[in-house]
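*Asks:* Handing you this structure, nothing more for now.
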Amino acid sequence: MIHKPVLLDEVIEMLDIKKDGIYVDATVGGGGHTRAILSRLSDKGLVIGIDRDEEALNRVGMSLKDRRLRLVHLNFSDMDRLFDVTGAKVDGVLMDLGVSMNQLKDEQRGFSFYSEAPLDMRMDRTARITASDIVNTWSKEKIERILRDYADEKRARAIATRIVQRRRKGRINTCKELADIVMSVYKRRGRIHPATRTFQALRIAVNNEVEELQEGLRSAMNILNKKGRLCVISYHSVEDRVVKIFFREAETQGLLKRINKKPITPSVRELKENPSSRSAKLRVGERL
Numbered sequence: 032m033i034h035k036p037v038l039l040d041e042v043i044e045m046l047d048i049k050k051d052g053i054y055v056d057a058t059v060g061g062g063g064h065t066r067a068i069l070s071r072l073s074d075k076g077l078v079i080g081i082d083r084d085e086e087a088l089n090r091v092g093m094s095l096k097d098r099r100l101r102l103v104h105l106n107f108s109d110m111d112r113l114f115d116v117t118g119a120k121v122d123g124v125l126m127d128l129g130v131s132m133n134q135l136k137d138e139q140r141g142f143s144f145y146s147e148a149p150l151d152m153r154m155d156r157t158a159r160i161t162a163s164d165i166v167n168t169w170s171k172e173k174i175e176r177i178l179r180d181y182a183d184e185k186r187a188r189a190i191a192t193r194i195v196q197r198r199r200k201g202r203i204n205t206c207k208e209l210a211d212i213v214m215s216v217y218k219r220r221g222r223i224h225p226a227t228r229t230f231q232a233l234r235i236a237v238n239n240e241v242e243e244l245q246e247g248l249r250s251a252m253n254i255l256n257k258k259g260r261l262c263v264i265s266y267h268s269v270e271d272r273v274v275k276i277f278f279r280e281a282e283t284q285g286l287l288k289r290i291n292k293k294p295i296t297p298s299v300r301e302l303k304e305n306p307s308s309r310s311a312k313l314r315v316g317e318r319l
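Counting from 32, one number per residue, gives the positions in the sequence shown under my numbering.
Structure follows, in structure tokens:
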């Protein structure tokens, strides 16, 4: 069974797909959005699927055989490099910023607080820094800062202090060890797991996500045709703030028209079918 990706109907509508067009799925993930775009293209159309996770690309390549699809192992911050030589432009770019279910379910990737696997959290397994490197070597002040800046963690100082105290006794090696440290600060669980924000902040830091997103948005603008659409799905306030500011500034500069001033969010039906979509926000701009 193919999992239906978040805001699928809304993305397809907002991309305003031309049947002979060229589209970039800058975060292929499970391939759900890519499949839907391909289904609306003619034989002359093309989808270029990008992902920094080579395992995701391999899975999509095995399950989706289509000559109109090209898969590229690349960070979306570098997507304009694909067109440096040809000078070609595309008719739409989709950036879905969520962590894929395959990554979350693979305990060895180190994204789950319930896992005994090593703290990793790298989207691209060829990258150097891991979450373990951060929690075991970064200063208390630096850890506190990323918890606050990347996750709005209200207990950032207490968690950073507890991490530093704990690592004096030995390395913090597993996801569960870190989650237990955070739990010791919170004492009790609320609606979401107390470690959710800490893991989010670490993932963003490990993968340099804020800087990658800023550069990815600029890169997308460089390759869009006039009237080409840029669709971005974010899942937390840090991402959404970056996208919102970029769109607003690009509009002020006369480079882009915002199609929706307020973000599009999942319908009641989608929330019922897929509760994990609850934080998704879709912003759309059109190249001028």
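The beta-carbon is built from N, C-alpha and C at its ideal position, and this holds for glycine as well.
Taking the continuous alpha helix (DSSP H) assigned at residue 271, which residues delimit it?
*Replies:* For the purposes of this step, residue 271 is identified with residue 240 of the sequence shown, where counting begins at 1. Here the alpha helix (DSSP H) through residue 271 covers 268-283.
*Asks:* What residue ranges within the segment 185-260 form continuous alpha helix (DSSP H) runs of no fewer than 4 residues, ordered along the chain?
*Replies:* Within the segment 185-260, the complete alpha helix (DSSP H) runs of at least 4 residues are 187-198, 206-217, 227-237 and 240-254.
*Asks:* Which first and last residues belong to the beta strand (DSSP E) in which residue 316 is found?
*Replies:* Locating residue 316 in the sequence shown gives position 285, where the first residue counts as 1. Start and end: 312-318.
*Asks:* My output table needs one value for residue 36: the three-state DSSP class, helix, strand or coil.
*Replies:* Position 5 of the sequence shown holds residue 36. It is coil, neither helix nor strand.
*Asks:* Output the boundary residues of the alpha helix (DSSP H) element that contains residue 303.
*Replies:* Residue mapping note: residue 303 aligns to position 272 of the sequence shown, counting from 1. Looking at the DSSP string, the run of the alpha helix (DSSP H) that includes residue 303 is 299-304.
*Asks:* Could you tell me the distance, in whole angstroms, from the CA atom of residue 125 to the CA atom of residue 260?
*Replies:* One-based indexing of the sequence shown puts residue 125 at position 94. One-based indexing of the sequence shown puts residue 260 at position 229. In a straight line, the C-alpha of residue 125 is about 8 Å away from that of residue 260.
*Asks:* For residue 68 and residue 56, which I take to be in contact (beta-carbon distance under 8 Å), what is that distance rounded to the nearest angstrom?
*Replies:* Walking along the sequence shown from the start, residue 68 turns up at place 37. Walking along the sequence shown from the start, residue 56 turns up at place 25. Going by Cβ atoms, the distance from residue 68 to residue 56 rounds to 7 Å, so yes, they are a contact pair.
*Asks:* Taking 7 Å as the threshold (C-beta atoms), are residue 181 and residue 235 in contact?
*Replies:* As a working mapping, residue 235 is identified with position 204 in the sequence shown. As a working mapping, residue 181 is identified with position 150 in the sequence shown. Going by C-beta atoms, residue 235 is nearer than 7 Å to residue 181.
*Asks:* Which of the three DSSP states is assigned to residue 145 in this structure?
*Replies:* Residue numbering aside, residue 145 sits at position 114 when the sequence shown is read from its first letter. The answer is coil: DSSP assigns residue 145 none of H, G, I, E or B.
*Asks:* Could you please give the first and the last residue of the uninterrupted beta strand (DSSP E) stretch that includes residue 80?
*Replies:* Against the sequence shown, residue 80 aligns to sequence position 49. Start and end: 77-82.
*Asks:* For residue 110, write down the residues that DSSP places opposite it in a beta bridge.
*Replies:* The residue labelled residue 110 in the question sits at position 79 within the sequence shown. Its beta-bridge partners do not exist; DSSP assigns none.
*Asks:* When the Cα of residue 213 is compared with those of 226, 202, 206 and 205, which residue comes out closest?
*Replies:* Here residue 213 is taken as the residue at index 182 of the sequence shown, counted from 1. Cα-wise, what sits closest to residue 213 is 226.
*Asks:* Where does residue 250 land, buried or exposed, given buried means 16+ other C-beta within 10 angstroms?
*Replies:* Along the sequence shown, read from residue 1 onward, the residue named residue 250 stands at position 219. Result: buried.
*Asks:* So, using beta-carbon positions, are residue 108 and residue 243 closer together than 7 Å?
*Replies:* For the purposes of this step, residue 108 is taken as residue 77 along the sequence shown, with counting starting at 1. For the purposes of this step, residue 243 is taken as residue 212 along the sequence shown, with counting starting at 1. Yes. Within cutoff.
*Asks:* Residues bridged to residue 47 by DSSP?
*Replies:* Start at 1 with the first residue of the sequence shown, and residue 47 comes out as number 16. None; residue 47 has no bridge partner.
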